[in-house]
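Asker: What follows is a structure written as structure tokens; I'll ask about it next.
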Amino acid sequence: MKLNIKNKCNIFLRLFAGLVLISCDDFLDREPLDIVTPEQYFNTEADLEAYSISYYNFPTHGSWSLGTLLLDDATDNQTTGGANFSLYVKDNWKVPQSQGEWHFAKIRACNNFLDRVLPKHEEGLISGDKINIDHYIGEMYFLRAEEYFKRLTLFGDFPIITHALIDKHEELMEASKRRPRNEVARFILQDLDKSISMLKPDFKNKNRLTSNAALLLKSRVALFEASFLSYHKGTPRVPGESNWPGAQMDYNAAYSVDIDAEIEFFLNQTMDASKQVADNISLTSNSGQINPLGTAFSGWNPYFEMFASSDMGTYSEVLFWRSYHKDFISHAVSTYIRIGGNNGLTKGFVDGFLMKNGLPIYAPNSNYAGDITLMKVRQDRDERLQLFVPGEDDPQTLDEKAELKDQKFGVPNVIAALENRTTTGYRVRKCLTYDPQQATVTGENSTYGSIVYRGVEAYLNYIEACYMKTGAIDTKADEYWQKIRTRAGIDPDYNKTIAATDLSKENDWAKYSASTLVDRTLFNIRRERRNELMSEGRRMNDLLRWRAMDMVKDYVIEGFNLWDEAYKAPIYNNDGVSLLISDGSSNANVSSSSASKYLRPFQKVAGNQVHNGYNWSKANYLYPVGVRDLQLASPDQNNASESTIYQNPYWPISPGSAIE
Numbered sequence: 002m003k004l005n006i007k008n009k010c011n012i013f014l015r016l017f018a019g020l021v022l023i024s025c026d027d028f029l030d031r032e033p034l035d036i037v038t039p040e041q042y043f044n045t046e047a048d049l050e051a052y053s054i055s056y057y058n059f060p061t062h063g064s065w066s067l068g069t070l071l072l073d074d075a076t077d078n079q080t081t082g083g084a085n086f087s088l089y090v091k092d093n094w095k096v097p098q099s100q101g102e103w104h105f106a107k108i109r110a111c112n113n114f115l116d117r118v119l120p121k122h123e124e125g126l127i128s129g130d131k132i133n134i135d136h137y138i139g140e141m142y143f144l145r146a147e148e149y150f151k152r153l154t155l156f157g158d159f160p161i162i163t164h165a166l167i168d169k170h171e172e173l174m175e176a177s178k179r180r181p182r183n184e185v186a187r188f189i190l191q192d193l194d195k196s197i198s199m200l201k202p203d204f205k206n207k208n209r210l211t212s213n214a215a216l217l218l219k220s221r222v223a224l225f226e227a228s229f230l231s232y233h234k235g236t237p238r239v240p241g242e243s244n245w246p247g248a249q250m251d252y253n254a255a256y257s258v259d260i261d262a263e264i265e266f267f268l269n270q271t272m273d274a275s276k277q278v279a280d281n282i283s284l285t286s287n288s289g290q291i292n293p294l295g296t297a298f299s300g301w302n303p304y305f306e307m308f309a310s311s312d313m314g315t316y317s318e319v320l321f322w323r324s325y326h327k328d329f330i331s332h333a334v335s336t337y338i339r340i341g342g343n344n345g346l347t348k349g350f351v352d353g354f355l356m357k358n359g360l361p362i363y364a365p366n367s368n369y370a371g372d373i374t375l376m377k378v379r380q381d382r383d384e385r386l387q388l389f390v391p392g393e394d395d396p397q398t399l400d401e402k403a404e405l406k407d408q409k410f411g412v413p414n415v416i417a418a419l420e421n422r423t424t425t426g427y428r429v430r431k432c433l434t435y436d437p438q439q440a441t442v443t444g445e446n447s448t449y450g451s452i453v454y455r456g457v458e459a460y461l462n463y464i465e466a467c468y469m470k471t472g473a474i475d476t477k478a479d480e481y482w483q484k485i486r487t488r489a490g491i492d493p494d495y496n497k498t499i500a501a502t503d504l505s506k507e508n509d510w511a512k513y514s515a516s517t518l519v520d521r522t523l524f525n526i527r528r529e530r531r532n533e534l535m536s537e538g539r540r541m542n543d544l545l546r547w548r549a550m551d552m553v554k555d556y557v558i559e560g561f562n563l564w565d566e567a568y569k570a571p572i573y574n575n576d577g578v579s580l581l582i583s584d585g586s587s588n589a590n591v592s593s594s595s596a597s598k599y600l601r602p603f604q605k606v607a608g609n610q611v612h613n614g615y616n617w618s619k620a621n622y623l624y625p626v627g628v629r630d631l632q633l634a635s636p637d638q639n640n641a642s643e644s645t646i647y648q649n650p651y652w653p654i655s656p657g658s659a660i661e
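With the working numbering applied, the sequence shown covers 2 to 661.
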């Protein structure tokens, strides 16, 4: 009896039967290419080019928002106006009844392409430039790897499906069997190796994927898996360890693994791929100039300007980026940077930046100027802090005709309407442009680019993998670390920083792995990564792989120093009457000075679910599989307890909260 394909696509075969005849239409906004027969499509280079780019759904700047600057929200780095209750309030995250993140739409599309294109390519039936044809095939291997990496970070163990399946429930059940996470990671690296061998190193001004982008993703995947296995070893989140849920499945009866050998393999892969990228690119220079002078909006600091360039392909450090065009697609990132965008960096993040002399702010003779004003917070600090976190005196625009109340950023407004305020007082200036044609005060008309892959990550990946593997900084890691620090305007002697580090004074979740403090060298490697990649969307995955949230208990998010001086600013007063309400009522707009002189965005209102702080649950390191997905992988398609898919640790197989 023929199964109902549409129903499967919507639920269980949203995952698997969607792979069968490729008949679901959820992955294209037009008539799906997959209903076109092989004879009609995939016959030319242009067909391959169009198909592959239709699956370019990388995180880039959107329309009315801060774009990619929002990607580090819900971490200890930054926050939006509303806390993530699912992550940080016990029992709020529940197993979904049906649709969740357990899906295969993009994997299905990639398999569809490869199943149809590879035989034709081998027979020479695709017309066009062979090198370009190879490149587009390489893109699809990359895209499948990238999608599998997303599923790996969310679920860990995951089914590995490489071909379209026939429309039989038994085969779909077989295909739904989860593979141990280390095998999934190895599969991803295999796809990336194929991609690397086929992609060009520079193609279409790096608006299309390149071999360097694939190498960087390879290093990212390998480091993620090496560190996840290292720090989660001994928990049921790691295959073969005690209470691993995969052990209860008959199909894993013969599974065995040497976790330490796997860790070493992935570290070696990280170092090899990272080195290939790092030695093939150069870091964009930092002139040391913190603000543009006069009306010269370009040429004043290449490092700052790189993040808001209209031609990012000219930067060696940019491996892959998205371009925009005023007639087709634009964004409003600079507009939202100026008004606040209902977002802000945390005090814990800002405090982690070093002084230019390489010392932490708490160290004796650091020359830290305090935090009465934002300008003082940044004084003599890491130039990344000075460049990308604006102070009161920094210019918002160079256009004297711009309709702004103040040409400068001024005291941050934390009580304005949602999108016009900053949540913590610490704003982000990364990705701001001073080009008056690009950066109008209002409107969605910016067309500068959005970085997807940046080469400095390869430097950071190598340093971390090297130290994890050897417990030391080798010559190459030393070279990379000094280059990063030199560009940041910091004393390049990282040993000076390590010696002055006191972990008891560091307000950084990543000083822990599980409940154990890491050593000072590893902490400073993590610090470097945190500061260099600020607001680029890497923080949450780093915290997950490091197992850095076990100790997040009653953690209160704080922002800038409001109650020493900033509260006196004109924006907070009207004819001598304060506009600040700190009584804890539903009308309150700031936290009380009696709680802290630092703004606490989630202690404004007494009933806030995270009023007393964030609390992490151990189940949250992996997503739960939806109940209906479990049921449909069972013989009668209704019994989750007989499913070939096993649930992740600490999550039930029925709708509900985590079991701990």
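Glycine residues also receive a C-beta, built at the ideal position from the N, C-alpha and C atoms.
Remember, predicted model here, so these are calculated numbers, not experimental data.
Could you name the residues that DSSP lists as bridge partners for Asp251?
Answerer: Within the sequence shown, numbered from 1, the residue matching residue 251 stands at position 250. Looking at the DSSP assignment, Asp251 forms no beta bridge with any residue, so it has no partner.
Asker: Inspect the CB distances between the region 179-190 and the region 275-292 and report whether three or more fall short of 8 Å.
Answerer: They do not touch, by the three-pair rule.
Asker: Quick one: what's Trp322 bridged to in DSSP?
Answerer: The residue given as residue 322 occupies position 321 in the sequence shown. Beta-bridge pairing links Trp322 to Ile452.
Asker: What is the rounded straight-line gap between the Cα of Pro365 and the Cα of Phe561?
Answerer: In the sequence shown, the residue the question calls residue 365 occupies position 364. In the sequence shown, the residue the question calls residue 561 occupies position 560. Spanning the two alpha carbons is a distance of roughly 23 Å.
Asker: Exposed or buried, what is Ile485 when buried is set at 16 or more other beta-carbons lying within 10 Å of its beta-carbon?
Answerer: As a working mapping, residue 485 is identified with position 484 in the sequence shown. Classification for Ile485: buried.
Asker: Please determine if the region 191-207 and the region 247-254 are in contact, where contact requires at least 3 C-beta pairs separated by less than 8 Å.
Answerer: The region 191-207 vs the region 247-254: no contact.
Asker: Measuring alpha carbon to alpha carbon, tell me which residue in Cys111, Tyr454, Leu224 and Tyr435 is nearest Ser447.
Answerer: Within the sequence shown, residue 447 is the residue found at index 446, counting from 1. For the residues Cys111, Tyr454, Leu224 and Tyr435, the minimum Cα distance to Ser447 belongs to Tyr435.
Asker: If contacts are defined as beta-carbon pairs under 8 Å, then Glu420 and His332 qualify, I think. What distance do you get, rounded to the angstrom?
Answerer: Start at 1 with the first residue of the sequence shown, and residue 420 comes out as number 419. Start at 1 with the first residue of the sequence shown, and residue 332 comes out as number 331. Not confirmed; about 14 Å, so no contact.
Asker: Suppose contacts are defined by Cβ-Cβ distances below 7 Å. Is Glu102 in contact with Tyr624 by that definition?
Answerer: For this step, residue 102 is matched to residue 101 along the sequence shown. For this step, residue 624 is matched to residue 623 along the sequence shown. Cβ distance < 7 Å, so Glu102 and Tyr624 count as in contact.
Asker: Is the distance from the Cβ of Asn78 to the Cβ of Arg629 below 7 Å?
Answerer: Counted from its first residue, the sequence shown places residue 78 at position 77. Counted from its first residue, the sequence shown places residue 629 at position 628. No; because the gap between Cβ atoms is not below 7 Å, this pair is not in contact.
Asker: For the putative contact between Glu661 and Lys619, defined by C-beta atoms under 8 Å, what is the C-beta separation to the nearest angstrom?
Answerer: By 1-based counting over the sequence shown, the position of residue 661 is 660. By 1-based counting over the sequence shown, the position of residue 619 is 618. Contact flag correct, Cβ pair sits at about 6 Å.
Asker: Would Arg120 be called buried (16 or more neighbouring beta carbons within 10 Å of its own) or exposed?
Answerer: Position 119 of the sequence shown holds residue 120. At residue 120 the sequence reads Pro, which differs from the Arg that was named. Exposed, since its Cβ has fewer than 16 Cβ neighbours within 10 Å.
Asker: If you reduce the DSSP assignment to three classes, tell me which class Thr76 lands in.
Answerer: One-based indexing of the sequence shown puts residue 76 at position 75. It is coil, neither helix nor strand.
Asker: Take Asn588 and list the residues in its own chain whose beta-carbon comes closer than 8 Å to its own, dropping the five residues that flank it on each side.
Answerer: Walking along the sequence shown from the start, residue 588 turns up at place 587. For Asn588, where only same-chain residues beyond five positions count, the Cβ hits under 8 Å are Ile582.
Asker: Less than 7 Å between C-beta atoms, sequence neighbours within five positions excluded: which residues of the same chain meet that for His164?
Answerer: Counting from 1 along the sequence shown, the entry for residue 164 is found at position 163. Hits under 7 Å: Asn112 and Asp116.
Asker: Less than 8 Å between the CB atoms is what I'm expecting for Cys432 and Phe308, so what's the real figure, rounded?
Answerer: One-based indexing of the sequence shown puts residue 432 at position 431. One-based indexing of the sequence shown puts residue 308 at position 307. Rounded, the Cβ-Cβ distance is 5 Å, consistent with contact.
Asker: Using only the heavy atoms of the ligand GTP, determine whether one of them is closer than 6 Å to the beta carbon of Val334.
Answerer: Looking at this structure, you won't find the ligand GTP or any other ligand, since it has none at all.
Asker: So Gly300 packs on Asn208, CB below 8 Å; how close in whole Å?
Answerer: Working through the sequence shown from its first residue, we reach residue 300 at position 299. Working through the sequence shown from its first residue, we reach residue 208 at position 207. With 8 Å as the limit, Gly300 and Asn208 do not qualify as a contact, their Cβ atoms being about 23 Å apart.
Asker: Rounded to the nearest angstrom, what separates Ile362 and Gln387 at their Cα positions?
Answerer: Looking up residue 362 in the sequence shown gives position 361. Looking up residue 387 in the sequence shown gives position 386. About 15 Å.
Asker: Kindly list the residues whose CB is nearer than 7 Å to the CB of Trp65, restricted to its own chain and excluding five residues on each side of it in sequence; keep chain order.
Answerer: Residue mapping note: residue 65 aligns to position 64 of the sequence shown, counting from 1. Once the five neighbours on either side are set aside, the close Cβ partners of Trp65 are Ala333 and Glu445.
Asker: Over the uninterrupted beta strand (DSSP E) stretch that includes Lys554, give me the two end residues.
Answerer: Residue 554 sits at position 553 when you count from the first residue of the sequence shown. Per DSSP, Lys554 belongs to the beta strand (DSSP E) from Lys554 to Tyr556.
Asker: Ordered along the chain, which non-local residues of its own chain (more than five positions away) have a Cβ less than 8 Å from that of Lys357?
Answerer: Locating residue 357 in the sequence shown gives position 356, where the first residue counts as 1. Counting only Cβ-Cβ distances below 8 Å, and skipping sequence neighbours, we find Asp381, Arg382, Asp383, Glu384, Gly490, Ile491 and Asp492.
Asker: Would you mind listing the beta strand (DSSP E) stretches within the region 75-144 that are 3+ residues and don't spill past its ends, in chain order?
Answerer: Correct list: 79-81.
Asker: From Ile132 to Leu399, what distance separates their C-alpha atoms?
Answerer: Within the sequence shown, numbered from 1, the residue matching residue 132 stands at position 131. Within the sequence shown, numbered from 1, the residue matching residue 399 stands at position 398. Cα-Cα distance, rounded: 46 Å.
Asker: Does Phe225 pass the burial test, meaning 16 or more other C-beta atoms within 10 Å, or should it be called exposed?
Answerer: Locating residue 225 in the sequence shown gives position 224, where the first residue counts as 1. The residue is buried, with at least 16 neighbouring Cβ atoms inside 10 Å.
Asker: For Arg238, I'd like the list of residues in its chain whose CB is within less than 7 Å of its CB, leaving aside the five on either flank, ordered along the chain.
Answerer: Indexing the sequence shown from 1 puts residue 238 at position 237. Excluding positions up to five away in sequence, the list reads Gly157, Tyr622, Leu623 and Pro650.
Asker: Please go through the same chain and pick out, in chain order, the residues whose beta-carbon is closer than 7 Å to the beta-carbon of Ile526, but skip the five residues on each side of it.
Answerer: Along the sequence shown, one-based indexing puts residue 526 at 525. So the list reads Ile464, Glu465 and Tyr468, once near-sequence residues are dropped.
Asker: Please report the distance separating the alpha-carbon of Met376 from that of Val412.
Answerer: Start at 1 with the first residue of the sequence shown, and residue 376 comes out as number 375. Start at 1 with the first residue of the sequence shown, and residue 412 comes out as number 411. Between Met376 and Val412, the C-alpha separation is close to 10 Å.
Asker: According to DSSP, what are the bridge partners of Met356?
Answerer: Along the sequence shown, read from residue 1 onward, the residue named residue 356 stands at position 355. Met356 is bridged to Arg382.
Asker: With distances taken Cα to Cα, identify the nearest neighbour of Glu318 among Tyr325, Ala227, Pro240 and Leu217.
Answerer: Against the sequence shown, residue 318 aligns to sequence position 317. It is Leu217.
Asker: Look at the alpha carbon of Asn616 and the alpha carbon of Gly125, and state the distance between them as a whole number of angstroms.
Answerer: Locating residue 616 in the sequence shown gives position 615, counting from the first residue. Locating residue 125 in the sequence shown gives position 124, counting from the first residue. So the alpha carbons of these two residues sit roughly 58 Å apart.
Asker: Helix, strand or coil for Gly314 per DSSP?
Answerer: To locate residue 314, count along the sequence shown from 1; it is residue 313. Gly314: helix per DSSP, three-state reduction.
Asker: Given Pro396, which residues of its chain have a CB within under 8 Å of its CB, disregarding the five upstream and five downstream residues?
Answerer: Here residue 396 refers to the residue found at position 395 when the sequence shown is read from its first residue. Excluding positions up to five away in sequence, the list reads Asn292, Pro293, Gln408, Lys409, Phe410 and Tyr435.
Asker: Mind checking His326: buried by the 16 CB within 10 Å criterion, or exposed?
Answerer: Looking up residue 326 in the sequence shown gives position 325. It counts as exposed.
Asker: At 4 residues or longer, what runs of the alpha helix (DSSP H) sit wholly inside the region 236-282?
Answerer: Counting only runs of 4 or more, we get 260-279.
Asker: Closest to Lys605 by CA distance: which of Ala84, Asp73 and Thr76 is it?
Answerer: Locating residue 605 in the sequence shown gives position 604, counting from the first residue. Out of Ala84, Asp73 and Thr76, Ala84 has the C-alpha closest to the C-alpha of Lys605.
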